[in-house]
């Protein structure tokens with residue numbers, strides 16, 4: 001079994017799977033059970049400043065969308081930061097960390113955007129023995145209305161300023177949690193880097209309305225006839241998160257800053273994908289809220305088996321492996337030509353490829369009287385839609401043409417050399433090929 | 435098990451009181467709403483779907499399943515019922531394993547078709563449980579049509595004609611409407627009086643009158659009907675039963691399977707329905723299986739289904755055969771009855787084994803039997819009918835007979851597979867042609 005030991009910005013944990021700051025990590029009872037279940041680390045539910053804690057609604061806090069068999073695909077929530085007194089959380093964190101010294105314990109913090117507020121809370125957190133802090137600049141609901149959470153995360157200058165304060169007032173590593181509710185994630189990530197952050201974590205939840213009650217005409221979740229936007233999470237947000245992680249990993253202004261990947265991670269495979277795109281570790285919430293803490297066992301065995309199959313002995317070998325292959329569109333090889341191919345032995349003749357191609361694409365699939373479906377190579381642009389709508393895995397594949405063959409669609413011979421848009425004759429600003 | 439099961443002879447109450455209801459309960463319990471959503475989600479919404487092509491009534495199956503999946507089962511029901519007004523009964527009795535579900539791409543790919551029949555029942559039950567009738571009768575045309583037989587073909591024809599504004603009178607020899615839906619189908623396929631409830635629901639369209647106890651040839655004549663009505667549709671099914679051609683076939687205890695099935699359906703108390711200890715059913719169709727399975731459910735100790743050819747030649751589908759086998763019915767093939775033995779009442783039935791060409795082998799089989807059910811086919815009865823094609827009324831694709839102004843459909847005509855669903859299709863299509871003839 002591969003060694004899954006993780007060292008993320010100096011914070012050690014037996015595996016790279018942490019529970020994200022969220023409802024599951026709001027109290028000692030949960031966190032102890034999470035550690036017992038095998039989680040490598042926990043980011044404690046966000047602490048606020050001293051004094052009367054926030055209050056939550058007493059109606060539904062979560063909304064959801066489902067797939068077949070009511071499989072939870074997306075969740076949104078309007079829960080605020082911890083609604084328990086600061087001193088209770090600090091006492092419990094200290095007790096837990098004492099009993100589980102080998103596990104990572106991170107404190108998520110959100111206090112007003114004032115230097116004094118941050119200066120005041122940091123020593124208390126440090127006193128718990130926590131391994132690090134995560135600045136919650138991501139929470140998109142409720143707290144943002146009070147000038148915190150994503151209201152800070154949407155202003156790079158604030159991110160830089162607060163990060164600088166934290167680095168100044170604590171020796172603990174500082175992770176800045178980023179909101180996806182921005183136009184370009186590079187700006188807040190670069191600001192965190194400038195402020196001296198040890199790492200960024202992303203994504204926090206996405207502003208969302210999951211559904212509308214068509215009888216009450218109210219967004220869900222509905223509280224006494226009204227609803228508000230909440231933070232969207234779960235499997236549905238993973239593609240958005242993967243892209244943002246990859247952008248930070250490859251952009252000149254942010255490259256090299258450690259990343260804790262978050263967003264819809266449900267299985268070991270999701271976790272591995274985040275790591276290959278540059279995440280040093282991952283944080284999980286919705287999957288645990290859906291299935292319980294035990295899922296970490298599958299994540300551990302799955303990642304371990306994968307690493308064994310690749311001959312990898314350390315999680316660091318996974319991290320960033322796919323980053324060099326993330327590129328801009330204008331760098332894609334336009335001389336690469338593929339054609340869809342339908343495996344007639346696997347085809348079940350449902351005709352979905354035909355309907356999709358005929359109605360919405362390139363009319364590149366033929367249907368015979370006896371429901372045999374074949375690709376018309378003269379029309380096929382290899383768009384992949386037929387592959388995506390086919391219910392049978394590997395029945396339709398895209399096969400690359402060999403250089404020297406003639407593309408029946410264009411009548412041009414496939415060129416084995418690489419050529420992209422930047423040099424293409426149709427590009428008005430093309431640079432001359434060398 | 436009560437000791438009564440071992441008692442020879444034809445006796446009622448072989449099972450412990452109170453167990454009958456469970457024995458005869460729904461063969462396929464209805465899907466609940468979550469099961470329906472899960473089942474519906476398996477549909478691939480195929481292009482030009484094979485299931486649609488396989489349905490004799492051309493129901494848009496992918497569309498109705500998508501309507502279920504999106505939480506609009508009443509819209510799904512309307513999609514079904516607009517093609518097949520007896521979609522509720524067909525959902526229960528159609529041999530889907532040889533129709534829509536046989537060609538479902540998921541059956542082909544993985545041996546597990548989308549549960550089309552059960553989904554159809556889910557949708558139609560959902561609508562009919564609310565008493566909703568989704569169709570509205572057109573303005574009256576003042577045209578009148580007589581329909582002979584209140585079975586699937588006649589009811590389907592009647593509803594469509596009534597919907598188009600014609601006045602319809604349905605004549606039926608039996609005291610209740612429904613035809614084979616009411617008298618000819620195993621109890622466990624249509625429980626809780628569904629056949630009558632469906633007719634009541636269908637009649638909400640208005641413009642249909644059913645007269646019971648009226649038989650063609652006995653109480654009315656075709657000429658008389660033609661005189662009194664603008665058009666006539668014949669959908670009286672098959673009234674006669676093929677005789678058993680063997681010495682001793684007239685002995686007590688040798689009866690028609692269709693009568694047994696009908697009596698069972700009409701019984702108020704199943705514990706009062708007598709059944710033999712050793713029962714032999716002769717035949718290989720749906721009627722034979724329905725009789726054999728129900729004999730077993732009534733507490734018969736030994737039930738044998740005896741068929742003259744191999745299992746692959748049986749009209750009963752493989753699913754039906756397996757159902758019988760799972761209930762403990764023994765299926766014996768390649769046998770023809772040669773004699774019924776007994777002193778007044780049947781005690782034994784003797785068969786000869788035959789080869790695939792039905793040639794006798796000289797090898798004999800004797801089975802103890804205190805009850806023998808004949809299920810070897812039914813025949814069309816009556817004089818003064820339109821021209822026949824073989825032993826059934828000849829019709830063209832639109833249901834027209836050799837007599838102008840007279841249409842026919844269902845089991846009394848050739849061409850169909852003697853299925854409820856084909857009868858419904860023929861009744862509907864004849865109605866459209868009658869409508870065209872009446873209003874131009």
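Chains as they are written, first to last, in the numbering used here: chain P, 1 to 434; chain R, 435 to 874. Each residue gets a CB set at the ideal place from its N, CA and C atoms; glycine is no exception.
Tell me where the alpha helix (DSSP H) around residue 795 (chain R) begins and ends. Segment 794-802 is the beta strand (DSSP E) holding residue 795 (chain R); no alpha helix (DSSP H) there.
Answer yes or no: does any C-beta atom of chain P fall closer than 9 Å to that of residue 475 (chain R)? yes
Could you confirm whether any beta carbon from chain P is found closer than 9 Å to the beta carbon of residue 479 (chain R)? Look at residue 479 (chain R): its C-beta is under 9 Å from a C-beta on chain P.
Under 8 Å Cβ-Cβ, which residues of chain R neighbour residue 392 (chain P)? Within 8 Å Cβ-Cβ: 543.
Using a Cβ-Cβ cut-off of 8 Å (strictly less than) and excluding sequence neighbours within five positions of residue 11 (chain P), which residues of its own chain qualify? 41, 104, 106, 131, 132, 173
Endpoints, beta strand (DSSP E) assigned at residue 526 (chain R): That residue, residue 526 (chain R), is in no beta strand (DSSP E); its alpha helix (DSSP H) goes 521-527.
Straight-line CA distance for residue 341 (chain P) to residue 541 (chain R)? 24 Å
Going by alpha carbons, who is nearest to residue 764 (chain R) out of R:773, R:754, R:772? R:754
Run of the beta strand (DSSP E) containing residue 492 (chain R), from where it starts to where it stops: Segment: none, residue 492 (chain R) is in no beta strand (DSSP E) and carries neither H nor E.
Residue nearest to residue 349 (chain P) in terms of C-alpha spacing, selected from P:365, P:335, P:361: Comparing alpha carbon positions, the residue from P:365, P:335, P:361 closest to residue 349 (chain P) is P:365.
I'd like the span of the beta strand (DSSP E) that includes residue 788 (chain R), first residue to last. Boundaries of the beta strand (DSSP E) around residue 788 (chain R): 782-788.
Cβ closer than 8 Å: which chain R residues qualify as neighbours of residue 380 (chain P)? The premise fails here: residue 380 (chain P) is roughly 18 Å from chain R at the closest Cβ pair, so nothing lies under 8 Å.
Out of P:397, P:28, P:373, which has the shortest C-alpha to C-alpha gap to residue 339 (chain P)? P:397
Could you tell me if residue 873 (chain R) is buried or exposed, where buried requires 16 or more neighbouring beta carbons within 10 angstroms of its beta carbon? exposed
Of the residues P:203, P:28, P:32, which one's Cα is nearest the Cα of residue 91 (chain P)? The shortest C-alpha separation from residue 91 (chain P) is found at P:28.
Here's the rule I'm using: 16 or more other beta-carbon atoms within 10 Å means buried, otherwise exposed. How should residue 643 (chain R) be labelled? exposed
Determine, for residue 488 (chain R), whether the minimum Cβ-Cβ distance to residues of chain P falls below 9 Å. no
Report the option in R:571, R:498, R:488, R:604 whose CA atom is closest to the CA atom of residue 659 (chain R). R:604
What are the residues of the region 456-473 of chain R that lie near chain P, defined by any Cβ-Cβ distance shorter than 9 Å? 468, 471, 472
Integer Cβ distance of residue 234 (chain P) from residue 74 (chain P), believed to fall under 8 Å: 5 Å
Give me whichever residues DSSP pairs with residue 136 (chain P) in a beta bridge. P:177
Distance check for residue 273 (chain P) and residue 224 (chain P), CA to CA, integer angstroms please. 41 Å
Going by DSSP, name the residue or residues bridged to residue 219 (chain P). P:212
Any alpha helix (DSSP H) of 4 or more consecutive residues that is wholly inside the region 471-517 of chain R: 484-488, 495-503, 507-517
Does the beta carbon of residue 435 (chain P) come closer than 9 Å to any beta carbon on chain R? With chain P represented from 1 up to 434, any question about residue 435 (chain P) goes unanswered, as that position is not in the structure.
For residue 380 (chain P), does the three-state DSSP call read helix, strand or coil? coil
Exposure of residue 652 (chain R), with buried meaning 16 or more beta-carbon neighbours within 10 Å: Exposed is the call here.
Who are the Cβ neighbours of residue 867 (chain R) in its own chain at under 7 Å, not counting the five residues just before and after it? 832, 833, 834, 841
Endpoints, alpha helix (DSSP H) assigned at residue 586 (chain R): For residue 586 (chain R), the enclosing alpha helix (DSSP H) starts and ends at 586-597.
Any chance you could list the alpha helix (DSSP H) runs of at least 4 consecutive residues sitting entirely within the region 531-615 of chain R, in chain order? 534-537, 539-544, 550-563, 586-597
If we count Cβ pairs, one from each stretch, closer than 8 Å, do we get three or more for the region 703-714 of chain R versus the region 589-599 of chain R? no
What residue range is occupied by the uninterrupted alpha helix (DSSP H) comprising residue 354 (chain P)? 352-360 is the span of the alpha helix (DSSP H), which, as asked, contains residue 354 (chain P).
Below-9 Å beta-carbon distance, residue 26 (chain P) vs any chain R residue: no
Measure the CB-CB distance between residue 481 (chain R) and residue 351 (chain P) and report whether it falls below 9 Å. Against a cut-off of 9 Å, the Cβ pair of residue 351 (chain P) and residue 481 (chain R) comes out as a contact.
The region 777-795 of chain R / the region 605-623 of chain R touching (three or more Cβ pairs under 8 Å): no
Taking the beta strand (DSSP E) that residue 283 (chain P) falls in, what are its first and last residues? Element bounds for residue 283 (chain P): 279-284.
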